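> Going by numbering that gives the first Met the number 0, the letters in the sequence shown line up with residues 0 to 290, in that order. Here a beta-carbon is modelled for each residue, glycine too, at the ideal position from N, C-alpha and C. Values in this document were obtained by computation on a predicted structure and should not be read as measured data.
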Amino acid sequence: MSASLKLLFLINQEKPEIICTTHDHCSMLIGVLRLFSPHKFKHVIWQRNILSFHLQYENILRQILLRTLYKTYKTADLLLVNSKSAKEDIKKNIKLINIPIKILYNYIGIKKQKRPIKNKNYLLSIGRLVKSKNFDFLIRSFSKIKNIFKGNLYIVGEGEEKNNLQEVIKAQKCKSRVFIKPVSTNVLSFINGCKAFIFSSLSESCPNVILEALILNKPIVALDDHAGVRELLKYAKTGILVSQKSEAIFADAIIQGINLKKINPTKRFYKRYVLQSISEKFYHTLQKSLF
């Protein structure tokens, strides 16, 4: 409560013209504080996940609480989302009236590779160690090809599922082949050296790690989430999407990905997601929607 009061005081002291929030909890808080602030400002929400998918992993009481709090989004002046699927999901789950919803993709923060980097003999996946990332499925899939592919699988991430995943690794007899690494500053180096980037998450809006892997010319093998991942790979015109949640089929797709020849995303893909393009679109969207 004291932090909320401090924030309210800061808003009225600094008198910002626009406040942009990029995290659910911050967006909800600003939506509530706005009702009590003497200073009037524009509130822009940049929603970075698939709302309904995020909610389904919460318990019933927390779902009810979050759905109630998400109604504060109705006080916003502009809602930004980072994929077409996220836009449709918001429209379905929150009945917004007279609030524009615009798509603003995540940006690529690294330069396009002019020459391919020589791959090392390992597979890579990155993400929070939570159930929705589906790493247990990935480990079981990898175990089916461990005698075909002689390299290792590295999972880079931290989270509450780490101990459970270690048990899955043990059960699949992969302790010498599958390793969970903590998040560090050399993640891009990890991506740069991998044989293929594997993405087993069940649903994403616009995953930065896939953007980074694509721009580093890495083969992508991903579950078809019918959402942001599908949108990214179809626009890039590269990568392998696996529609069936079968470990055997996913394992076969990983082998295909390792041997994938054409991995360079299209030039229009790079232009769409480069920082300059996203910055310009952000500026023009604010100008057109708020003033």
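1. Can you look up threonine 265 in the DSSP assignment and give me helix, strand or coil?
2. When the Cα atoms are used, what is the spatial distance from alanine 250 to arginine 229?
3. If we define contact as Cβ-Cβ less than 7 angstroms, is phenylalanine 40 a contact residue for chain D?
4. Which runs of the alpha helix (DSSP H) fall wholly inside the region 193-232 and span at least 4 residues, in chain order?
5. What is the rounded straight-line gap between the Cα of asparagine 11 and the Cα of asparagine 81?
6. In or out: glutamine 46 buried (at least 16 other Cβ within 10 Å) or exposed?
7. Considering only residues of the region 60-145, which uninterrupted alpha helix (DSSP H) runs meet the minimum length of 4 residues and lie entirely inside it, listed in chain order?
8. Can you tell me whether glutamate 159 is buried or exposed? The criterion is at least 16 other CB atoms within 10 Å of its CB, across all chains shown.
9. Please identify the residue among Pro99, Lys41, Phe281 and Ile138 whose C-alpha is closest to the C-alpha of leucine 128.
10. Do glycine 126 and glycine 156 have their C-beta atoms closer together than 7 angstroms?
11. Which two residues bound the contiguous alpha helix (DSSP H) that contains histidine 283?
12. Grab the span of the beta strand (DSSP E) containing histidine 24 for me, first residue to last.
13. Would you identify the three-state DSSP class for isoleucine 239, choosing helix, strand or coil?
14. Does the distance from the CB of serine 202 to the CB of isoleucine 49 come in under 7 angstroms?
15. Note down the Cα distance separating aspartate 88 from serine 142, rounded to an integer number of angstroms.
Judging by the given coordinates:
1. coil
2. 19 angstroms
3. Annotation note: the requested chain D is absent from the structure, which comprises a single protein chain.
4. 207-214
5. 30 angstroms
6. buried
7. 83-92 and 134-142
8. exposed
9. Ile138
10. yes
11. 274-289
12. Premise fails: histidine 24 lies in the alpha helix (DSSP H), 23-32, not in any beta strand (DSSP E).
13. strand
14. yes
15. 35 angstroms
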